[in-house]
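Sequential numbering of the sequence shown, starting at 1, is according to UniProt numbering. In this text, a Cβ means the ideal position worked out from N, Cα and C, and glycines have one as well.
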Amino acid sequence: MSGDWGIRCEGLGRRFGAAEALRRVDLGVRRGSLVALVGSNGAGKTTLMKILATLLLPSEGRAEILGLDVASASMACRRAIGYAPAEERSFHGRLTVAQNLAFFADLRGVDPAVQRRRAPALLEAMGLDPAGRARFSDLSSGMKQSLSLVRALLHEPPVLLLDEPTRSLSPDLARRVGDLLRHEARSRGRTILLATHNLGEADAVADEVAVLHRGVLRVQGEPRALCAELGLPGASGAEAVFMHATGEAPVAEAP
Numbered sequence: 001m002s003g004d005w006g007i008r009c010e011g012l013g014r015r016f017g018a019a020e021a022l023r024r025v026d027l028g029v030r031r032g033s034l035v036a037l038v039g040s041n042g043a044g045k046t047t048l049m050k051i052l053a054t055l056l057l058p059s060e061g062r063a064e065i066l067g068l069d070v071a072s073a074s075m076a077c078r079r080a081i082g083y084a085p086a087e088e089r090s091f092h093g094r095l096t097v098a099q100n101l102a103f104f105a106d107l108r109g110v111d112p113a114v115q116r117r118r119a120p121a122l123l124e125a126m127g128l129d130p131a132g133r134a135r136f137s138d139l140s141s142g143m144k145q146s147l148s149l150v151r152a153l154l155h156e157p158p159v160l161l162l163d164e165p166t167r168s169l170s171p172d173l174a175r176r177v178g179d180l181l182r183h184e185a186r187s188r189g190r191t192i193l194l195a196t197h198n199l200g201e202a203d204a205v206a207d208e209v210a211v212l213h214r215g216v217l218r219v220q221g222e223p224r225a226l227c228a229e230l231g232l233p234g235a236s237g238a239e240a241v242f243m244h245a246t247g248e249a250p251v252a253e254a255p
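Written out as structure tokens, the structure is:
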């Protein structure tokens, strides 16, 4: 399954008791590309992300990170991943931003010189104080989300798993994050899976979209090509693909 794939799933399923959160998902993200995983709330995006991040085991099928099985080679997979979850609860509230980043970087064995070089630039790019002086507990929800993305990028992982990373950000900062992610994929060769329900964001940043609906991956590909393949005249974007694949109207984004 490995080859050119940075992320690959085949027949991936996950059950919680009798409920099927994912059903036989086949998904591929080529190395150095950015795929937007789109779907409504409850579609299974976070469950899929947690499996790829080795936080949940699949009930069936297989998932790989850079050719490594997430179940049998979980530690090696974790070293290759930068993960920004949708709900972040692992930062330490009483520590400053800089102290939090240093703590998690030390856990990953990141050289202190790399920390000092990368952290201020990433913090500034995310609209945060480059010196990281604020306590985590004093940050807004958007700032906390930005810090989660900084932590995911700090150790320069080859694979990024980002679950709704711009959900609480201002439109301007969300665009800046999108620009950064495009740069990370296209100029630095990172493989990125971005879970979002923002179809405009998917169009703006992604090479491909993958539509997840009620635990089933309905379709994956470049939006314009998918519109042509699906026979959607005059359409070219992720919204048309999403509506065709799910029969649902997209959730409107807050202004």
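Quiz item: What number of angstroms, rounded off, separates the C-alpha of L123 from the C-alpha of A113?
Solution: 16 Å
Quiz item: Could you give the uninterrupted runs of the beta strand (DSSP E) lying entirely in the stretch 55-111, keeping only those of 3 residues or more?
Solution: 60-65 and 81-84
Exercise. From the DSSP output, in three-state form, read off T166 for me.
Key: DSSP places T166 outside both helix and strand once states are collapsed to three, so it counts as coil.
Self-check item: Opposing strand residues paired with A210 [DSSP bridges]
Solution: L37 and Q220
Quiz item: Does the separation of the CB atoms of A195 and E222 fall below 8 Å?
Solution: no
Quiz item: Considering only the beta carbon of each residue, do S59 and R14 sit closer than 8 Å?
Solution: yes
Practice problem: Keeping to the same chain, check which residues put their C-beta closer than 6 Å to that of G11; ignore five residues upstream and five downstream. | Solution: R24 and G61
Quiz item: Can you list, in chain order, the residues of its chain whose CB lies under 7 Å from that of R151, leaving out five sequence neighbours each side?
Solution: L101 and F104
Quiz item: Which value, in whole angstroms, describes the spacing of the CA atoms of R175 and L199?
Solution: So the two alpha carbons sit approximately 13 Å from each other.
Quiz item: For S168, which residues from the same chain have a beta carbon less than 7 Å from its beta carbon, with the 5 sequence-adjacent residues on both sides left out?
Solution: S141, G142 and Q145
Quiz item: Would the beta-carbon of V38 fall within 8 Å of that of H244?
Solution: no
Quiz prompt | CB-CB length for G67 against T96, believed under 8 Å | solution = Between T96 and G67 the Cβ distance is about 38 Å, and since that is not below 8 Å, they are no contact.
Practice problem: Please work out which residues of its chain come closer than 6 Å, Cβ to Cβ, to C77, disregarding the five sequence neighbours upstream and downstream, and give them in chain order. | Solution: T54, I65, L68 and V70
Quiz prompt | Beta-bridge partners of I192, as assigned by DSSP | solution = L34 and L160
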